[in-house]
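Colleague: When we follow UniProt numbering, the leftmost residue of the sequence shown carries the number 1, and every step to the right adds one.
Beta carbons: idealized from backbone N, C-alpha and C, even for Gly.
My structure is below; once you've seen it, I'll send some questions.
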Amino acid sequence: MMPSKTEDRPGPLPDEKLLDLFEQRMLDIWSRGAFDLADPVGTARLVRLLLGREGFGPTAPVLAESGVRAEWNRVFAEQRSEFVASWLAGHLTGPVLDVLGGDFTVLRALLRHGLDAGSVTGCERSTAYESDWSRLPFPVHDVPADVRLPEGEYGSALLCTVLHHEPEVRRLLDAVARTGAERWVIVENCLDAENSEEFHLYVDEFFNRCLNTFDVPCVPQHRTAEEWRTLLGGYGEVTVEESRTDVPGMPFPYTLFVVER
C-alpha cells in the first residue's frame, strides 16, 4: 500500500543543536536496527550536512541511493511493528477498532500475536493513503471529513501514534468515545526535557518527506505524558502508563496509555 504523495514544499532549516541531536539519534537507530550501511558515521554526517544546508528535498534522494531509506522502512515494517504489537497485545480485548491505522502494519503484526482477524476493523482517511484495502484480511473503512468512525460493538479502540497528527485532538477523541469502545489503547510520542516540540515536529516532517511521502499533517499537538494523562482522564480512567525508549526506528520514546471507560 502506497501513501499519497505530499506537496514538494520547502522544509524548515533547523539550528545546529537540533541537527547534532538528530545525527546522534540516527546513529543510535541504525546501530539498534542493524542497518546494512557501509559507513554509518560518514552517512549520518552527510545527511546532517544536507539537512542543514539544503533541507528535505535534496536529502531524500541521498537517503534512497545510500540504502538508508530502504533500511529504515524495513525496520519500521518489520521490527517496529513487531515490537509495538508484542507490547500492546496483552492490553487489547476484541473486537478491536484500529483508528487511523495508516498502512496497518501494527494491526497485521497483532494478528501474528494472536488477535483474531475476524474481530478487528481498521479505519483510515482514503485521502492520505493510496491503498488497496480489499487485500487486507480485515475490513477497512474510510474516515470522512466529519471524523465519523465505523459503528460496532468494540472491546478496544487502538490509536497508535495518531493523536499528535490531529489538528483537533478532542474532536477525534470525541469520535472515539461515540464508538462505545470500553478500552482505549493509545501510543503517543511525548515531550520531555530531551525531546522538544521542535524536535518532534522536525522528525515527523523528516519521516514524511524523506523516508516516505505521507500526506499526514505535522502539527504542534505533542504533549508531555502528564498533559496526555490529564486529557485522556477526561474520557475515563488511565489505568496503564508505560514508556519505552528502545522502539526500533524511532529517535524518541513511545508512551502507552490504557484508558478504561
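For Cys-160, does the three-state DSSP call read helix, strand or coil?
Modeller: Taking the first residue of the sequence shown as 1, we reach residue 160 at position 160. In this structure, Cys-160 counts as strand in the three-state DSSP scheme.
Colleague: Rank Thr-230, Leu-173, Thr-245 and Glu-260 by C-alpha distance to the C-alpha of Thr-239 and give the top, closest one.
Modeller: Taking the sequence shown and counting its residues from 1, the one referred to as residue 239 is at position 239. The shortest C-alpha separation from Thr-239 is found at Glu-260.
Colleague: Helix, strand or coil: which one does DSSP assign to Arg-244?
Modeller: Residue numbering aside, residue 244 sits at position 244 when the sequence shown is read from its first letter. Reduced to three states, the DSSP call for Arg-244 is strand.
Colleague: In angstroms, rounded to a whole number, what distance separates the CA positions of Pro-220 and Leu-191?
Modeller: Along the sequence shown, one-based indexing puts residue 220 at 220. Along the sequence shown, one-based indexing puts residue 191 at 191. Taking the straight line from one Cα to the other gives about 11 Å.
Colleague: Is Ala-38 buried or exposed, if buried means 16 or more other CB atoms sit within 10 Å of its CB?
Modeller: As a working mapping, residue 38 is identified with position 38 in the sequence shown. Classification for Ala-38: exposed.
Colleague: In this structure, how does DSSP classify Gly-249 when only helix, strand and coil are distinguished?
Modeller: Numbered from 1 along the sequence shown, position 249 holds the residue referred to as residue 249. Note: Gly-249 maps to coil in three-state DSSP.
Colleague: Please classify His-165: does DSSP put it in a helix, a strand, or coil?
Modeller: As a working note, residue 165 is residue 165 in the sequence shown. In the structure shown, His-165 sits in a helix (DSSP, three-state: H, G or I).
Colleague: Whose C-beta lies closer than 6 Å to the C-beta of Lys-17 among residues of the same chain, with five residues either side of it excluded?
Modeller: Here residue 17 refers to the residue found at position 17 of the sequence shown. Same-chain partners within the cutoff: there are none.
Colleague: Assign Val-41 to one of two classes, buried (16 or more other C-beta atoms within 10 Å of its C-beta) or exposed (fewer than that).
Modeller: For this step, residue 41 is matched to residue 41 along the sequence shown. Exposed.
Colleague: Does the distance from the C-beta atom of Pro-251 to that of Gln-79 stay below 8 Å?
Modeller: Walking along the sequence shown from the start, residue 251 turns up at place 251. Walking along the sequence shown from the start, residue 79 turns up at place 79. It is not a contact, given that the beta carbons lie outside the stated cut-off.
Colleague: Could you tell me the alpha carbon to alpha carbon distance between Met-2 and Glu-124, rounded to whole angstroms?
Modeller: Your numbering for residue 2 matches position 2 in the sequence shown. Your numbering for residue 124 matches position 124 in the sequence shown. Since pLDDT at Met-2 reaches only 38, below the 50 mark, its modelled position is unreliable, and the value read off the structure follows with that caveat. Taking the straight line from one Cα to the other gives about 13 Å.
Colleague: Under DSSP, the alpha helix (DSSP H) around Tyr-202 begins and ends at which residues?
Modeller: Residue 202 sits at position 202 when you count from the first residue of the sequence shown. From DSSP, the alpha helix (DSSP H) with Tyr-202 extends over 197–206.
Colleague: Count the other CB atoms within 10 Å of the CB of Asp-142; is the residue buried (16 or more) or exposed (fewer)?
Modeller: To locate residue 142, count along the sequence shown from 1; it is residue 142. Asp-142 comes out exposed.
Colleague: On the criterion of 16 or more Cβ atoms from any shown chain inside 10 Å, does Ala-109 qualify as buried, or is it exposed?
Modeller: Counting from one through the sequence shown, the residue named residue 109 turns up at place 109. The residue in question, Ala-109, is buried, as its Cβ has 16 or more Cβ neighbours within 10 Å.
Colleague: With DSSP as the reference, please indicate the residues paired to Arg-183 in a beta bridge.
Modeller: Here residue 183 refers to the residue found at position 183 when the sequence shown is read from its first residue. BP columns for Arg-183 point to Ser-156 and Glu-260.
Colleague: From the DSSP output, read off the bridge partner residues of Glu-237.
Modeller: Start at 1 with the first residue of the sequence shown, and residue 237 comes out as number 237. DSSP lists Glu-260 as partners of Glu-237.
Colleague: If you count every other CB in all the chains shown that lies within 10 Å of the CB of Thr-245, and 16 or more means buried, which is it?
Modeller: Walking along the sequence shown from the start, residue 245 turns up at place 245. By the neighbour-count rule (16 or more Cβ atoms within 10 Å), Thr-245 is not buried but exposed.
Colleague: Lys-5 to Leu-63, Cα distance in whole Å?
Modeller: Position 5 of the sequence shown, counted from the first residue, corresponds to residue 5. Position 63 of the sequence shown, counted from the first residue, corresponds to residue 63. Bear in mind that a pLDDT of 42 at Lys-5, under 50, signals an unreliable position, so the number given afterwards is only what the model happens to contain. Straight-line Cα distance between these residues: approximately 17 Å.
Colleague: Can you pull the DSSP bridge partners for Asp-98?
Modeller: To locate residue 98, count along the sequence shown from 1; it is residue 98. Bridge partners of Asp-98: Gly-122 and Leu-158.
Colleague: How many angstroms separate the CA atom of residue 262 from the CA atom of Arg-183?
Modeller: No answer is possible for residue 262: the residues shown for the chain start at 1 and end at 261.
Colleague: Mapping the DSSP letters down to three states, classify Ser-4 as helix, strand or coil.
Modeller: On the sequence shown, residue 4 is found 4 positions in, with the first residue counted as 1. No answer about Ser-4 holds up, because its pLDDT of 42 lies below 50 and its placement is not dependable.
Colleague: Take Gly-114 and list the residues in its own chain whose beta-carbon comes closer than 8 Å to its own, dropping the five residues that flank it on each side.
Modeller: Walking along the sequence shown from the start, residue 114 turns up at place 114. Excluding positions up to five away in sequence, the list reads Ala-89.
Colleague: Go ahead and pull the three-state DSSP assignment for Arg-223.
Modeller: Against the sequence shown, residue 223 aligns to sequence position 223. Here Arg-223 sits in strand by DSSP.
Colleague: Throw me the rounded Cβ distance for the Val-84 and Val-187 pair, which I believe falls under 8 Å.
Modeller: Counting from one through the sequence shown, the residue named residue 84 turns up at place 84. Counting from one through the sequence shown, the residue named residue 187 turns up at place 187. Right, the Cβ-Cβ distance comes to about 7 Å (below 8 Å), so this counts as a contact.
Colleague: Identify the residues that DSSP records as bridge partners of Asp-192: which are they?
Modeller: For the purposes of this step, residue 192 is taken as residue 192 along the sequence shown, with counting starting at 1. Answer by DSSP bridge pairing, in chain order: Asn-195.
Colleague: If you draw a straight line from the alpha carbon of Phe-199 to that of Phe-206, how long is it in whole angstroms?
Modeller: As a first step, residue 199 is located in the sequence shown; it is residue number 199 there, counting from the start. As a first step, residue 206 is located in the sequence shown; it is residue number 206 there, counting from the start. Approximately 10 Å, taken between the alpha carbons.
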